[in-house]
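Accompanying notes for the structure given below.
Residue numbers (our numbering): 10 to 377.
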């Protein structure tokens, strides 16, 4: 008899709906015992939502401190360290016992890192449907690498949020580009699972069918509902948020980010690192992952045209011009990606791609 043993970590409280923030925030049990909380937001519109959350918590007799990341956060790697240190200082000085991330994008990576370093729980309140970081227990690889080089953060695998409150009335006010980027992050599960299966075949890496199935569900939702999603209505945001939450929870079944990311994410991370090296502006994470999925589906010998067509119908970039990144950087990213995470076996490990080969591949899949 074969016994499978799983230690599953998932959020304790998940609510997805319209105009649910105030009512459901007050229902979270841990907040009834907390005296001091810290809210972390992004530098723009999310600050306004942070103030709304602050007022709700204040009405609950919780002392609230807020911190908004600077405008330079997305442009300079060193800012990651500075932001983490600032948040840790505020939390230590005021004995904050919980962090609430009211944002989208990379803000949640910083929230997760601080939560882990402080050993306090965090609540996810996404203001956009831009990527699965709103629900996953994973810190983005590039950000983890930068932070862990300066601060003793042991692993990119952290605890999941204790609660997720996804208010579609809030998320639907965000730029539709963020919604479409979230779809790119979900489409990426197609090649992420192919890479996981490949690693299982080549290296006997443990493969979890439950986590893989949940992750692929996110891909299938986007594939089947793409025309509705393109309309960018509140219903569209509900569909994408539901899928993003599901795939993030899937990562709680395993001890790695395998259900969420593969070669397509490595390609995106490489582009981000090249942007720091050369000074160009990267596209959104999900947009880059979408392009990466087209390329990696081709390398896997799968139907890359299907991936491309799904992204096109949604409104997500499918070539260099739409992505806003020069061809030469995409070529270099494809060539150098296999060196970024050497311990993560993917289709990139199957061949050593030269610059000329990379150009031909990107031309073949109509990315350049």
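Glycine included, every Cβ here is placed at the ideal spot set by N, Cα and C.
Small disclaimer: the values here were computed from a predicted structure and weren't measured.
Task: Spatial neighbours of residue 3 in its chain, beta-carbon cut-off 7 Å, leaving aside the 5 residues before and after - done: Residue 3 cannot be examined here, being either before or after the span of the chain that is shown, 10 to 377.
Open item on the list: Here's the rule I'm using: 16 or more other beta-carbon atoms within 10 Å means buried, otherwise exposed. How should residue 197 be labelled?
Closed with: buried
- [ ] Spell out a yes or no on whether the stretch 168–177 and the stretch 266–285 are touching, meaning 3 or more CB-CB pairs, one atom from each, closer than 8 Å.
- [x] no
- [ ] Thinking residue 303 and residue 336 are a contact (beta carbons under 8 Å), I'd like their distance in whole angstroms, please.
- [x] Contact between residue 303 and residue 336 is absent: CB atoms are separated by about 15 Å, not below the 8 Å threshold.
Open item on the list: Give me, in chain order, the residues of the same chain whose beta-carbon lies closer than 6 Å to that of residue 203; leave out the 5 immediate sequence neighbours on both sides.
Closed with: 309
Task: Exposure of residue 121, with buried meaning 16 or more beta-carbon neighbours within 10 Å - done: buried
Task: beta-carbon residue 171 near the ligand ATP non-hydrogen atom, thresh 6 Å - done: This structure lacks the ligand ATP; in fact it carries no ligand of any kind.
Task: Euclidean distance between Cα positions of residue 164 and residue 153 - done: 8 Å
Open item on the list: By the three-class DSSP mapping on this structure, what secondary structure does residue 19 have?
Closed with: coil
TODO: Would you grab the beta carbon distance between residue 187 and residue 139 for me? Rounded to a whole angstrom, and I think it's under 8 Å.
DONE: 4 Å
Task: Endpoints, beta strand (DSSP E) assigned at residue 325 - done: Careful: residue 325 lies outside any beta strand (DSSP E) and carries neither H nor E.
TODO: Could you give the DSSP three-state label for residue 262: helix, strand or coil?
DONE: helix
TODO: Quick one: measure Cβ to Cβ for residue 260 and residue 269, integer angstroms, because I've assumed they're closer than 8 Å.
DONE: 5 Å
- [ ] Starting from residue 68, trace the alpha helix (DSSP H) both ways and give me its first and last residue.
- [x] 55–68
Task: residue 228 classed as buried or exposed, judged by whether at least 16 other C-beta atoms fall within 10 angstroms - done: buried
Task: Straight-line Cα distance separating residue 97 from residue 91 - done: Each residue's alpha carbon lies about 10 Å from the other.
TODO: Would you tell me roughly how many angstroms separate the C-alpha atoms of residue 174 and residue 357, rounded to the nearest one?
DONE: 37 Å
TODO: Quick one: give me the first and last residue of the alpha helix (DSSP H) that residue 114 is part of.
DONE: Neither: residue 114 is in no alpha helix (DSSP H) and is coded neither H nor E.
Task: N- and C-terminal bounds of the alpha helix (DSSP H) containing residue 200 - done: Going by DSSP, residue 200 is part of the alpha helix (DSSP H) stretching over 198–212.
Task: Endpoints, alpha helix (DSSP H) assigned at residue 29 - done: Unbroken run through residue 29: none, as it is neither H nor E.
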